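As structure tokens, the structure follows; a few thoughts come after it.
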Amino acid sequence: VAATPGTDPWIFLLRALDRAGLGRADIKIVPLQHQDGRLALDRGDVDAWAGLDPFMAQAELQSGDRLFFRDTSLITPGTLLVRDEFASERPEMVSKVLAAYERGRRWALENRAEMVAILADAAKLAPEVAQRQLDRTDLRTSTIGPAQRASISAAASVLKTSGALSAGSDLTKAFATELIDTRFTDKLTAG
Numbered sequence: 007v008a009a010t011p012g013t014d015p016w017i018f019l020l021r022a023l024d025r026a027g028l029g030r031a032d033i034k035i036v037p038l039q040h041q042d043g044r045l046a047l048d049r050g051d052v053d054a055w056a057g058l059d060p061f062m063a064q065a066e067l068q069s070g071d072r073l074f075f076r077d078t079s080l081i082t083p084g085t086l087l088v089r090d091e092f093a094s095e096r097p098e099m100v101s102k103v104l105a106a107y108e109r110g111r112r113w114a115l116e117n118r119a120e121m122v123a124i125l126a127d128a129a130k131l132a133p134e135v136a137q138r139q140l141d142r143t144d145l146r147t148s149t150i151g152p153a154q155r156a157s158i159s160a161a162a163s164v165l166k167t168s169g170a171l172s173a174g175s176d177l178t179k180a181f182a183t184e185l186i187d188t189r190f191t192d193k194l195t196a197g
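Start counting the sequence shown at 7; every next residue gets the next number (my numbering).
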């Protein structure tokens with residue numbers, strides 16, 4: 007199975023294996039960048055590929071590849087990350103970026119056809135590929151709530167079980183105090 011280590015598709019693969027009672031040792035993971043994984047699948051060099059859009063949409067629509075397993079509950083939510091130092095030194099900049107992101111998110115929800123055209127043009131994608139990608143992109147929420155926390159926590163657990171995180175990692179502490187900081191989005195949604 008082609009996969010890019012450390013990425014969301016790789017985590018998805020580990021979670022899917024875990025759900026099936028399998029682990030990393032039960033398959034051969036071929037570490038390839040996303041586009042190279044798609045090409046390896048098309049050439050028959052690998053049996054499967056854990057990919058992401060727009061490459062998955064291109065593979066389906068342009069190469070006839072078949073998406074054979076998709077479970078959105080195993081996909082970690084898209085998040086924005088900031089270094090602690092930057093957030094402490096420039097909180098106003100973090101707030102401005104999040105406000106702009108929120109405006110863009112809302113606009114995208116309200117202007118789907120225009121969003122498809124913009125994505126297709128900016129990313130040099132066929133319109134149907136951009137459409138497929140956006141059809142699979144959930145823009146309904148902009149905050150990290152209980153469902154998103156649960157997904158991130160489950161991803162961390164499978165990373166620990168698989169050996170990608172050290173066995174001594176304190177995931178409870180990390181989630182309680184270190185990894186998820188909602189103070190900026192809390193302010194944004196409150197006001």
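Note that CB positions come from ideal geometry on N, CA and C, so glycine has one too. What you are looking at is a predicted structure, and each value in this text was computed from that prediction instead of being measured.
DSSP state of residue i, grouped into three classes?
i      : result
Pro204 : Residue 204 is absent from the structure shown; the chain starts at 7 and stops at 197.
Ala132 : coil
Ala9   : strand
Below 8 Å on the Cβ atoms is my contact criterion, and I expect residue i with residue j to pass it. Report the Cβ-Cβ distance as a whole number of Å.
i      : j      : result
Leu56  : Val7   : Going by the sequence as given, residue 56 is Ala instead of Leu. Correct: roughly 6 Å between the Cβ atoms.
Leu145 : Leu104 : Not really, about 15 Å apart at Cβ, beyond 8 Å.
His40  : Phe61  : 5 Å
Give me, in chain order, the residues of the same chain whose beta-carbon lies closer than 7 Å to that of residue i; leave out the 5 immediate sequence neighbours on both sides.
i      : result
Ala161 : Ile17, Arg21 and Thr82
Rounding to the nearest angstrom, what Cα-Cα distance links residue i and residue j in this structure?
i      : j      : result
Leu131 : Ile124 : 10 Å
Val36  : Arg49  : 14 Å
Pro97  : Arg111 : 21 Å
Pro11  : Val52  : 16 Å
Ser101 : Asp187 : 13 Å
Asp176 : Ala170 : 14 Å
Lys179 : Met99  : 28 Å
Asp90  : Glu184 : 9 Å
In chain order, what residues of the same chain have a beta carbon less than 8 Å from the beta carbon of residue i, not counting five sequence neighbours either side?
i      : result
Glu108 : Ser148 and Leu194
Pro133 : Val122, Ala123 and Ala126
Ala129 : Pro60 and Ala136
Is it the case that the stretch 157-171 contacts the stretch 72-86, given that we only count it when at least three CB pairs across the two stretches are under 8 Å? yes
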